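Take a look at the structure below.
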Amino acid sequence: MHLRLPTLTLALCCALQVHAAEISVRIQNAPADGVLVFQVYDNANAFGDFRNPIREVRYPVEPDGSYVIRDVPAGTIAVLVYADENDNRTLDKSFIGIPREPLGLSNSYR
Numbered sequence: 113m114h115l116r117l118p119t120l121t122l123a124l125c126c127a128l129q130v131h132a133a134e135i136s137v138r139i140q141n142a143p144a145d146g147v148l149v150f151q152v153y154d155n156a157n158a159f160g161d162f163r164n165p166i167r168e169v170r171y172p173v174e175p176d177g178s179y180v181i182r183d184v185p186a187g188t189i190a191v192l193v194y195a196d197e198n199d200n201r202t203l204d205k206s207f208i209g210i211p212r213e214p215l216g217l218s219n220s221y222r
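Residue numbers for the sequence shown follow the numbering used here, beginning at 113 and rising by one.
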């Protein structure tokens, strides 16, 4: 069995204090093409379980790795991004819940 580690790196501070209605995100080591899904969370439990984001947006992969998430409510948030490799609009996981698609989390997530 071949195990591969995700290579997405999310350059964003964890638990950002958001005062504006948009978040700028820079992605390094993203796949060459496909769709990236950005999920914004304001609840640590939901973030850890990958459920009930307050905002979700999908963008095609951009060569410069720069993205903007608009209409984000003010408050303390965390961001998850994953590459939806098969474009099925869900983060695929193994039978024990380990993500099978590359993903990145806000820095310092615990």
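In this text, a Cβ means the ideal position worked out from N, Cα and C, and glycines have one as well. This structure is a prediction, so every number in the text was calculated from the model and none was measured.
Judged by DSSP in its simplified three-state form, Ala195 adopts strand. With a cutoff of 8 Å on beta-carbon distance, Tyr153 and Ala195 are scored as not near each other. Residue pairing for Phe150: DSSP places it in a beta bridge opposite Val169, Val193. Below 8 Å, enough C-beta pairs join the region 135-146 and the region 166-181 to call them touching: three or more. Note on geometry: alpha-carbon atoms of Ile181 and Val169 lie some 7 Å from one another. Taking C-beta separations shorter than 6 Å and ignoring five residues to either side along the sequence, the partners of Pro165 in its chain run Gln151, Val152, Tyr153, following chain order. Here DSSP, grouped into helix, strand and coil, assigns Gly187 to strand. With a contact defined as Cβ atoms closer than 8 Å, Ile135 and Leu148 miss out at about 14 Å.
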